[in-house]
Each structure stands twice: as C-alpha cells, then as structure tokens.
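The opening residue of the sequence shown carries number 3 in my numbering; numbering runs sequentially from there. The structure appears right after this line, and notes come after that.
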Amino acid sequence: MKPVIGITPSPIVETTASGTHERYAIAASYVNAIIAAGGIPLILPPQDENADALLALVDGLLFSGGADIDPALYGDSDVHPTTYDVHPLRDRFELELINKAIEQDYPTFCICRGIQILNVARGGTLLQHVPDQFETELPHRQQDAGFKSHEYSHVVTANPDSTLARAYRSTEIKVNSYHHQAVKDLAPGLAVSGHAEDGLVESVELPDRTFVLGVQWHPEMMFREHPEHLEPFKQLVEAAISRKLTNATAD
Ligand code: MN
3 MKPVIGITPS PIVETTASGT HERYAIAASY VNAIIAAGGI PLILPPQDEN
53 ADALLALVDG LLFSGGADID PALYGDSDVH PTTYDVHPLR DRFELELINK
103 AIEQDYPTFC ICRGIQILNV ARGGTLLQHV PDQFETELPH RQQDAGFKSH
153 EYSHVVTANP DSTLARAYRS TEIKVNSYHH QAVKDLAPGL AVSGHAEDGL
203 VESVELPDRT FVLGVQWHPE MMFREHPEHL EPFKQLVEAA ISRKLTNATA
253 D
C-alpha cells in the first residue's frame with residue numbers, strides 16, 4: 003500500500019517574450035525522493051480555504067524549501083535587506099496547512115524553509131540573516147564556498163533520543179547547507195534534535211506527535227550519492243502508511 007504525500011511547491015516568477023508569468027514549481031528531487039521511499043507524491047499549490055479538503059487527499063506531507071517567510075508573521079517589524087521573495091499566499095497557505103496537519107497528527111517532514119515554517123507556525127522566530135546575526139565560520143550557504151549540492155559542507159550532531167537520530171541511525175550526520183536564515187527562538191512544544199558545530203539549530207521535531215520532523219539541510223539533493231539521506235523520507239512514508247492503515251480500520 004503506497005501512501006500519498008502532499009508536497010508544497012514554490013512560486014516562481016518568470017518574464018518571457020509574452021509577459022510575466024507565475025508558476026508553481028517543485029524540484030524533481032523532492033518528488034524522486036518520495037517515490038524512492040515508496041510514496042506517491044502529490045503537489046499541493048497554495049490556495050485559501052481548501053486546507054481541510056487537501057488534507058483529506060493525503061496521508062502525509064512534505065514542506066519544501068524556498069524563499070523567505072514574511073518577518074511580520076513572527077513578530078519582527080524589521081525586514082533585513084537580504085530577506086527575499088516573500089509570498090503572502092504561500093506563507094498563509096503553508097501555515098494553515100501545517101497547523102491543521104499537526105492537529106490531526108499527519109506525518110510531516112519539513113525541509114529548509116519547511117523547518118522555518120514549522121517553527122513560525124508554532125510561535126517561534128527566525129534569524130533573518132545568519133551571517134549578520136550569528137557568529138559562525140561554517141559555510142551555511144555552501145554554494146558560496148564552491149560545494150556541489152550533493153556534497154556535505156558541515157556536520158549535524160543529533161540528540162540520541164530523537165526522531166532524527168532514529169531516522170539516520172546515527173548522531174553524526176554529514177549535511178549540505180543552503181540557508182541564510184535559521185531558527186532563532188524555538189516554538190513551544192518543539193524540541194531541538196540537531197545542531198551544527200557552531201550551535202545553530204539544524205533540526206527540530208514535535209515529540210508529542212507521531213512524526214513531525216524539520217531539517218535545515220536538503221536530503222533530497224543528497225540521497226542518490228549518500229543513501230542515509232533517504233531514511234527520513236522512508237520514515238515519513240512508513241508513518242503515513244501506519245496512519246492510512248489505522249484510518250482504514252476505523253472506517
Ligand atoms: Mn547549515
């Protein structure tokens with residue numbers, strides 16, 4: 003039995019000869035990771051009012067990476083000059099969808115912007131620009147340091163008693179890094195499950211839910227070369243199968 007995993011896409015604005023167009027797009031790597039893990043990916047474009055109906059179509063969720071969240075949504079009245087491409091509809095949609103998903107205990111995996119959405123949805127805040135607001139020597143934007151997307155640029159130390167450590171079967175995880183923002187104040191109910199060597203939060207989870215995991219890196223870019231990065235997708239799919247089976251029995 004394959005579970006359906008809803009994936010949130012990114013709005014992309016493109017100007018061509020015929021004018022300016024907005025597309026909702028998702029990197030194929032997210033889709034391929036869900037398929038490789040045994041799930042059926044379903045892209046969920048941002049929209050108002052339909053979160054409940056969309057949740058009824060899926061067994062689990064993947065919140066993808068993308069542009070920055072509106073700082074006003076976590077109570078920051080300053081907008082850092084590097085905060086980019088804020089998209090009010092995507093913010094609103096993802097915040098509503100993730101809160102409803104958590105209420106109903108949907109298995110939920112949150113990548114990069116996704117971990118930030120998870121923290122903001124539950125009442126946490128973000129560092130708007132790590133290089134200005136956090137003392138570090140690590141290449142958290144590894145493209146600036148010449149690393150390829152599947153190459154690791156720093157290590158994350160996982161809490162041994164965490165969903166993260168169980169997924170990777172390790173407490174030392176070699177990760178890539180493509181973020182200029184990060185978790186600042188942790189939301190109530192969330193637990194930090196992984197740190198970079200500099201102390202930056204790289205993974206959070208909700209211990210009172212079956213599977214709600216956020217990671218600041220991009221495992222979907224790494225799983226082909228480094229199979230351990232498929233493991234969190236497999237855990238998501240397994241939890242989604244369990245939820246589907248439980249609901250089937252209840253019907
Ligand atoms: Mn990082």
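Glycine is no exception: its CB is placed at the ideal position from the N, C-alpha and C atoms. Here the structure is a predicted model, which is why all the values come from computation and not from measurement.
When DSSP states are grouped into helix, strand and coil, Pro133 belongs to the helix group. If you draw a straight line from the Cα of Pro43 to the Cα of Arg245, it comes to about 16 Å. In its chain, beyond the 5 residues on either side, Pro11, Ser12, Pro13, Ile14, Ile45, Pro47 and Pro48 have a beta carbon closer than 8 Å to the beta carbon of Tyr26.
Summarising the contact set, residues whose Cβ lies nearer than 7 Å to any heavy atom of the ligand MN are, in chain order, Leu140, His142, His156, Val177, Ser179, His181, Ala198, Leu202, Glu204, Gln218 and Trp219. Residue state for Ile45 is assigned as strand, using DSSP reduced to three classes. Per the C-alpha coordinates, the member of Gly41, Ile28, Ile119 and Glu204 positioned closest to Asp72 is Ile119. Within the same chain, Pro5, Val6, Ala242, Arg245 and Lys246 come within 6 Å of Asp61 by CB-CB distance, once the 5 residues on both sides are set aside.
Under the criterion of beta carbons closer than 8 Å, Glu230 and Gly216 do not qualify as touching, at roughly 18 Å. The DSSP assignment places complete beta strand (DSSP E) segments of no fewer than 3 residues inside the segment 49-99 at 62-65, in order along the chain. In the DSSP assignment, Arg25 falls within the unbroken beta strand (DSSP E) covering Gly21 to Ala27. Excluding five sequence positions before and after Glu227, the CB atoms of its chain that fall closer than 6 Å to its own CB belong to His152, given in chain order. In this structure, the beta-carbon distance from Phe149 to Asn178 falls below 8 Å. For Pro13, the enclosing beta strand (DSSP E) has its first and last residue at Ser12 to Thr18. Within the same chain, Cβ atoms closer than 6 Å to the Cβ of Thr165 are found at Glu207 and Leu215, the five residues on either side in sequence being excluded.
CA-to-CA, the gap between Gln218 and Ile117 works out to about 6 Å.
Annotation: His142 to Thr22 spans about 32 Å, alpha carbon to alpha carbon.
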